[in-house]
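Chemist:
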Amino acid sequence: MEQNNDHIFFDLDGVLVSNKFFTTYYLDKVDEKLQQNNIKINRSDLLRRIFNLFNKMLISDKKEERVRAFDWDELIRIIFKKYDLQWENTIEKFYESSKLKNYVRLYADVKKNLDWLKDKYKMALISNGLSKYQYQVLKILKIEKYFSSIILPDHINEIKPHVEIFDHAISLCKLENKDNYEKHPYIGDSIYFDIFGANIGGFYSILISRKLSRKMKKLSIEERTKEFNKEENLKKYIRKDVLTSRFDLSNQDLNMLKPKKVICSLDELKLLF
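FYI, the numbering for the sequence shown is -17 to 255, going by this note's numbering.
1) Only counting the same chain, and skipping five residues up and downstream in sequence, which positions put a Cβ closer than 6 Å to that of Lys44?
2) When we look at the beta-carbon of Gln116 and count the other beta-carbons within 10 Å, is it buried (16 or more) or exposed?
3) Pop quiz: Val317 and Ile133 are said to be a contact at Cβ under 8 Å. What is the actual Cβ separation, rounded to whole angstroms?
4) Exposed or buried, which one is Ile125 when buried takes at least 16 other CB atoms within 10 Å?
5) Just how far apart, CA to CA, sit Arg206 and Val244?
6) Mind checking Phe52: buried by the 16 CB within 10 Å criterion, or exposed?
7) In chain order, what residues of the same chain have a beta carbon less than 6 Å from the beta carbon of Leu194, not counting five sequence neighbours either side?
8) State the CB to CB distance for the pair Tyr174 and Ile188, rounded to an integer number of angstroms; the pair is presumed to be in contact (CB under 8 Å).
9) For Leu107 and Phe(-8), which I take to be in contact (beta-carbon distance under 8 Å), what is that distance rounded to the nearest angstrom?
10) Which of the three DSSP states, helix, strand or coil, is assigned to Arg192?
11) Straight-line CA distance for Lys64 to Asp13?
12) So, with DSSP's three-state summary, where would you put Ile141?
13) Given this structure, state the Cα-to-Cα distance separating Gly(-4) from Leu57, to the nearest angstrom.
14) When you compare only the Cα positions, how much space is there between Arg30 and Lys218?
15) Taking the alpha carbon of Glu146 as the point to measure from, which residue in Arg196, Leu216, Phe185 has its own alpha carbon closest?
16) DSSP on Ser109, reduced to helix/strand/coil?
17) Please determine, among Leu120, Lys127, Gln17, Ser113, the residue with the shortest C-alpha to C-alpha distance to Asp136.
18) Leu82 to Glu214, Cα distance in whole Å?
19) Using the C-alpha atoms, what's the distance from Leu9 back to Lys22?
20) Alpha carbon to alpha carbon, how far is Lys212 from Leu248?
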């Protein structure tokens, strides 16, 4: 792509950071609370309840409700109302503790590529994680210094893929009109939140998919992107996307779900920029 802009935008979780807290610490603490109160819910049922509530809040007509979907303490408080149980800010406190470093890590290709990019471009984050969580992750992994701007849902009362969060990024970073989308590369790992959001927001969408098949990884970026975006393949990848698959996208223009480029490692950014 032709790169005339001095900004590159990233998502955080799944792109720069591997975060295992949800499937380990989070569910363990909820289980512990339930057991203390002699309430039996198996792990798969608990996970289903959390995801159902999460997705219900995501499609709410109210912005505040959509943002609250990413408050991990709030989700459990809502679920626990049925059992008349109290839930304190357990997850917020966990993120503020030194325990966090045992659950989050940078992908191996992150540090060297951020170091390479920082001398050439300004970098910014657009994440759906709330500030009380994401700033702690950035701090403990020592990467906050790389980003000139950090755009989070509770800053503007909206989440990806809604266009407002991308408009805010353009305004905050003092960029040119969003119609010049090729000047605003955005790298994310979710077809729905990141690619769909970046496309409707006027950004140049780059999907990073670290778990592509060996065959797909061997292809050039151009060949891989073309193969990924074939209708039958795109629909397959959408179904595999845990979050995207829960939304009714049947009436959606598939072109808006197509990434402009598909990479399997941040190392491939050097081939684009």
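Built from N, CA and C at the ideal position, the CB exists for glycine as well.
Modeler: A quick look at the data gives this:
1) none
2) buried
3) No information on residue 317 is available, as it lies outside the stretch -17 to 255 that the chain covers here.
4) buried
5) 7 Å
6) buried
7) Cys246
8) With 8 Å as the limit, Tyr174 and Ile188 do not qualify as a contact, their Cβ atoms being about 15 Å apart.
9) 6 Å
10) coil
11) 15 Å
12) coil
13) 21 Å
14) 22 Å
15) Phe185
16) coil
17) Ser113
18) 40 Å
19) 13 Å
20) 23 Å
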